[in-house]
Every structure is written in C-alpha cells, then in structure tokens.
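> Numbering (the working numbering), first residue to last: 20 to 221. We put the CB at the ideal spot given by N, CA and C, even for glycine. All figures in this text were calculated on a predicted structure; none of them were measured in a lab.
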Amino acid sequence: MTVSQKLANDPLMIDMRRSIDHFDVSFLHLLAERVRVVGKIMHVKQTQQMNPEQSEARKEDMKNLIEMSVQLSLQKTFFKKILDMVFQDAMDQFNAGKLITNPESMPEICSGLTIEDLRNNLLNLDKSLCLVLAERFRIVRRIGEYKHKLGIPALDAVRWKEVLASKGKVAESLGISVTLVQDIYNAIHEVSLDIENEIVVA
20 MTVSQKLAND PLMIDMRRSI DHFDVSFLHL LAERVRVVGK IMHVKQTQQM NPEQSEARKE
80 DMKNLIEMSV QLSLQKTFFK KILDMVFQDA MDQFNAGKLI TNPESMPEIC SGLTIEDLRN
140 NLLNLDKSLC LVLAERFRIV RRIGEYKHKL GIPALDAVRW KEVLASKGKV AESLGISVTL
200 VQDIYNAIHE VSLDIENEIV VA
C-alpha cells in the first residue's frame with residue numbers, strides 16, 4: 020500500500036483534508052465574487068474616465084491587508100504575492116475585454132454604486148480571503164505534525180497534481196481564470212511545504 024493510499028484511509032487525515040476542502044470552497048467562492056466586484060469597479064472607472072490602475076486609497080488598503088496577514092501569522096510576502104497575482108490577472112482580463120462579461124447589463128447593475136462603495140466591498144473580500152488562508156494554514160500545520168509523527172514526507176506529488184486539477188475545474192465552473200487559481204494554489208503549496216518542513220527541522 021502506498022503512502023497516498025494509507026493516508027486516504029486514515030480517519031484523522033480524512034477529517035483534516037475535509038477541513039482544507041471546505042476552506043478551499045470558501046476561498047474560491049470569495050475569489051469569484053472578488054472578480055465580479057472588480058468588473059464593477061472597472062465599469063465605473065470607464066464610465067467616469069478614471070485611470071484603471073490602483074488608486075492611492077487602494078494601495079493604502081493593500082498595506083493594511085499585508086499587515087493583517089502578518090498578524091495572522093502568514094509569511095510577510097505571501098499575501099502580497101496573492102494580491103499582486105489577482106490584480107495582474109484583473110488587468111490582463113480587462114485589457115483583453117474579458118473581465119466585464121455582461122457589459123450591456125452593467126449600467127443597471129452599477130447604478131448608484133460609487134468607487135468608494137466598491138473599494139470597501141473589495142477590502143472586505145480581501146480580508147475574508149486572508150482569514151480563510153490563515154485558517155487553512157493552521158490545518159496544514161496540524162497535517163504536517165501528523166505526517167511527521169508517522170514518518171511521512173511532506174510532499175505527495177501525486178496527490179498535489181490531483182488537487183491542482185480539481186481546483187482548476189472548480190475555477191472554470193465559477194468563471195475564474197484557471198491559470199490564476201493554479202498559480203495561487205502553487206503559491207499556497209509552497210508555503211504549506213515550508214510549514215511542514217519547518218516541523219521536520221524543529
């Protein structure tokens with residue numbers, strides 16, 4: 020029996036992986052809503068002939084988000100990397116004309132919304148993403164401690180390939196860039212391996 024098969028039948032590992040799956044569902048749904056909000060922001064900016072790049076207020080929000088992520092014990096550069104990824108993807112989608120999927124409905128959808136409203140909405144979504152990731156990494160630490168106790172290596176390349184493919188399918192069903200989601204999960208996986216390897220060294 021392979022290590023993957025052993026862990027697949029282990030009740031504690033099943034429970035912890037189920038928790039990870041629940042956090043991932045939350046994360047991806049929040050990300051999908053974030054894409055929708057960014058589409059609205061871009062529509063309002065277009066309508067008002069504003070620069071589509073990040074405002075000074077948004078840059079300040081990002082500083083605060085990164086501080087929050089550090090307080091939640093995330094690696095300092097990690098959440099910034101995630102925020103940079105989603106921003107770059109939004110700009111790429113916008114420039115390719117793919118971010119706003121229903122332009123004919125946008126005037127009605129965005130009626131009465133201000134950039135300030137939408138920026139606050141975006142900030143709250145980003146805070147939620149940060150909290151979900153922090154909770155996810157707490158479970159990762161438990162998994163790492165359990166694997167270490169059993170003498171099982173941190174990396175399970177076969178399982179990770181399956182996880183990445185499944186996240187891509189969910190992303191597609193939610194209308195999020197598959198490449199973006201897979202890049203984010205590769206970044207998450209790097210941090211997860213760091214956490215598990217720290218446990219081995221300690």
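1. Is it true that the CB of K64 sits closer than 8 Å to the CB of P71?
2. Alpha helix (DSSP H) containing P126: first to last residue?
3. Indicate whether the contact test is met: 3 or more Cβ pairs, each with one atom in the segment 143-154 and one in the segment 196-206, closer than 8 Å.
4. Considering only the alpha carbon of each residue, which of V54, L132, N114 and A115 lies closest to Q67?
5. Please list the terminal residues of the continuous alpha helix (DSSP H) segment that includes M32.
6. CA-CA distance, S92 and S45?
7. Whole-angstrom Cβ separation of I119 and G58, contact assumed at under 8 Å?
8. Which runs of the beta strand (DSSP E) spanning at least 3 residues fall entirely within the segment 172-199, listed in chain order?
9. At which residues does the alpha helix (DSSP H) containing I162 begin and terminate?
Per the coordinate set shown:
1. yes
2. M125 to I128
3. no
4. L132
5. P30 to T66
6. 20 Å
7. 5 Å
8. none
9. I134 to L169
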